[in-house]
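The sequence shown begins at 42 in this note's numbering and counts up by one.
The structure appears below as structure tokens.
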Amino acid sequence: MRRRTAPAHAYPLGVSESQGPRRARVAVYCASHVGDDPAFVEVAHQVGTAIAAHGADLVFGGGQVGLMGVVADAALAGGSEAIGVITEQLRDAEIAHLGVTELRIVPDMPARKQQMYAEADAFCTLPGGIGTMEEFFEVLTWGYLGLHPKPMGLVNVSGYYDPLLTFLDRSIEHGLCRPSVRELLVVGEDAGVLDRLLDAAVPA
Numbered sequence: 042m043r044r045r046t047a048p049a050h051a052y053p054l055g056v057s058e059s060q061g062p063r064r065a066r067v068a069v070y071c072a073s074h075v076g077d078d079p080a081f082v083e084v085a086h087q088v089g090t091a092i093a094a095h096g097a098d099l100v101f102g103g104g105q106v107g108l109m110g111v112v113a114d115a116a117l118a119g120g121s122e123a124i125g126v127i128t129e130q131l132r133d134a135e136i137a138h139l140g141v142t143e144l145r146i147v148p149d150m151p152a153r154k155q156q157m158y159a160e161a162d163a164f165c166t167l168p169g170g171i172g173t174m175e176e177f178f179e180v181l182t183w184g185y186l187g188l189h190p191k192p193m194g195l196v197n198v199s200g201y202y203d204p205l206l207t208f209l210d211r212s213i214e215h216g217l218c219r220p221s222v223r224e225l226l227v228v229g230e231d232a233g234v235l236d237r238l239l240d241a242a243v244p245a
């Protein structure tokens, strides 16, 4: 499949570059490292494979390293298309994945997040660090505020996100968030999260 490289400019929030009907797309947020738990790599591979098995396509951060590279390789191997969105700065640091269906080089992080949001019909968060959390909380906040209806999932493999879920529960207990902040999230320990996300996803 021929790889396309898009020009380095941003798209308006919520507006996809794609033309005409298309398959459902899942944006996967995850680390550019593999971490110290083999379960992280295993679940990343499972999620990429599940996206393909569901006949959906992948939107991701555009790197070939870490968990994002594992997800992309698995999705591509299963026959999915993969749109990678990476900044000029991170293109070399994260070693841009040159085997994807389409690689978009954008000028900065806001443009990267904007395009990933616009191209996705659902969001799935795997283990990651502060960059992953920034992406996760941005789309969760937008959903919480009623700015989008797209389903959002959290893969809590090996209990990695137990402290995060405790934080959300405590924010509700202390009256700082409404219970809907938890109700918006599809949470599971494995790639089964994809089943529920794609059942709810509506392709643009």
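We put the beta carbon where it would ideally sit given N, CA and C, even for glycine.
Query	Result
Would you list the residues sitting across from I146 in a DSSP beta bridge?	I127
Alpha carbon to alpha carbon, how far is V126 from G102? Give it in angstroms, no decimals.	5 Å
Taking the CB atoms as reference points, tell me whether A97 and R145 lie closer together than 7 Å.	no
Do the stretch 65-80 and the stretch 104-114 meet, that is, are 3 or more Cβ pairs less than 8 Å apart?	yes
With a Cβ-Cβ cutoff of 7 Å, do G119 and T90 count as a contact?	yes
Report the rounded CA-to-CA distance for Q155 versus A161, giving the unit in angstroms.	10 Å
Using the three-state DSSP reduction, which class does V112 fall into: helix, strand or coil?	helix
Does the structure place the stretch 181-194 close enough to the stretch 233-243 that three or more beta carbon pairs sit under 8 Å?	yes
Note down, in chain order, each residue of its chain lying with its Cβ closer than 7 Å to the Cβ of M157, except the 5 sequence neighbours on either side.	A68, V100 and V126
By how many angstroms is the C-alpha of P62 removed from the C-alpha of M174?	31 Å
Helix, strand or coil: how does DSSP classify L209 here?	helix
Based on Cα-Cα distance, which residue from G184, C165 and F178 lies nearest to V84?	C165
Check whether the Cβ atoms of A123 and V141 sit closer than 7 Å, and answer yes or no.	yes
Can you tell me whether H215 is buried or exposed? The criterion is at least 16 other CB atoms within 10 Å of its CB, across all chains shown.	exposed
Hey, which unbroken runs of the beta strand (DSSP E) at 3 residues or more fall wholly within the stretch 66-94?	66-70
Reducing DSSP to helix, strand and coil, say where D240 ends up.	helix
State the beta-bridge partners of V196 as determined by DSSP.	G229
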